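Residue numbers (the working numbering): 351 to 522. Beta carbons are placed, not taken as given, at the ideal position from N, Cα and C, and that holds for glycine. Remember, predicted model here, so these are calculated numbers, not experimental data.
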Amino acid sequence: MSTIDAIGLNAQVIPVFQNKYSYADSDSGSVTSIEQLQHINGSWKNIKVVTLAHDSSGTLLEARKMAVRDGKMQLVETLDYSFDERGRLSGREWSFLGEDGWASPFKAEFEVFDDSTVIVNTQTFGGESSVSGKSVIQFDGHNNVTSSTVFRWMNDAFVPGRREVYSYVQAE
351 MSTIDAIGLN
361 AQVIPVFQNK
371 YSYADSDSGS
381 VTSIEQLQHI
391 NGSWKNIKVV
401 TLAHDSSGTL
411 LEARKMAVRD
421 GKMQLVETLD
431 YSFDERGRLS
441 GREWSFLGED
451 GWASPFKAEF
461 EVFDDSTVIV
471 NTQTFGGESS
481 VSGKSVIQFD
491 GHNNVTSSTV
501 FRWMNDAFVP
511 GRREVYSYVQ
521 AE
């Protein structure tokens, strides 16, 4: 086991999720689906599948998440993306299937830098909007995500929360 020490956090890194990616048969090489497996009781179990829709240039338009609910796979979340005039990701709206049907309480705005993206999340309940958190996503030189740190808005300040570290292996 290895340890990480970042942003005041000191945690053991234990792999609990594994993602398998499928790619389109196109020149853009866009990811068309992500299957997420979770390590449960000593083995890997399929817990969700995300399908991604792109336009003809490979720009991501929508993500649809299927997850196991009541013993069967069903649509539980959608993500719709928006872009600025330069084609950079500028926003995201999240809708999810709750007990009372579909809701769209979360929107995100993106600020893109050379080596990272800062995502500011806002939530809307009853017509009132407030900042609920932010994420900082780091990239390597090949545009692969290397880490993600989620910050929650608590007591008038952003507090570090979950941190994820990513590694990449070539599929067989």
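Between residue i and the ligand PLP, is there a pair consisting of the residue's CB and a ligand heavy atom that are separated by less than 7 Å?
i: glutamate 514; result: For the ligand PLP, the structure offers nothing, since it holds no ligand at all.
Between the options, which lies nearest to residue i when the distance is taken from Cα to Cα?
i: arginine 442; options: Met504, Arg419 and Glu427; result: Glu427
i: isoleucine 384; options: Gly392, Ser393, Asn391 and Ala413; result: Ala413
i: aspartate 420; options: Thr499, Ile487, Glu449 and Asp506; result: Glu449
i: leucine 429; options: Val400, Ser393 and Gly451; result: Val400
i: glutamine 386; options: Met423, Asn505, Gly451 and Val486; result: Met423
Using a Cβ-Cβ cutoff of less than 7 Å, which residues in the same chain neighbour residue i once the five nearest sequence positions on both sides are dropped?
i: alanine 453; result: Ser445 and Phe446
i: serine 432; result: Ser440 and Gly441
i: glycine 392; result: none
i: asparagine 505; result: none
Per DSSP, which one or two residues make a beta bridge with residue i?
i: valine 500; result: Ser485
i: methionine 411; result: One detail in the question is off: residue 411 reads as leucine in this sequence, not methionine. Looking at the DSSP assignment, leucine 411 forms no beta bridge with any residue, so it has no partner.
According to DSSP, is residue i helix, strand or coil?
i: glycine 511; result: strand
i: glycine 441; result: strand
i: aspartate 450; result: coil
i: aspartate 506; result: coil
i: aspartate 430; result: strand
Return the chain-ordered list of same chain residues with a C-beta closer than 6 Å to the C-beta of residue i, the five sequence neighbours on each side being excluded.
i: arginine 512; result: Val500
i: glutamate 514; result: Ser498
For residue i, I'd like the list of residues in its chain whose CB is within less than 8 Å of its CB, leaving aside the five on either flank, ordered along the chain.
i: methionine 416; result: Lys398, Val399, Val400, Thr401, Met423, Gln424, Leu425 and Val426
i: leucine 411; result: Ala403, His404, Asp405, Asp430 and Tyr431
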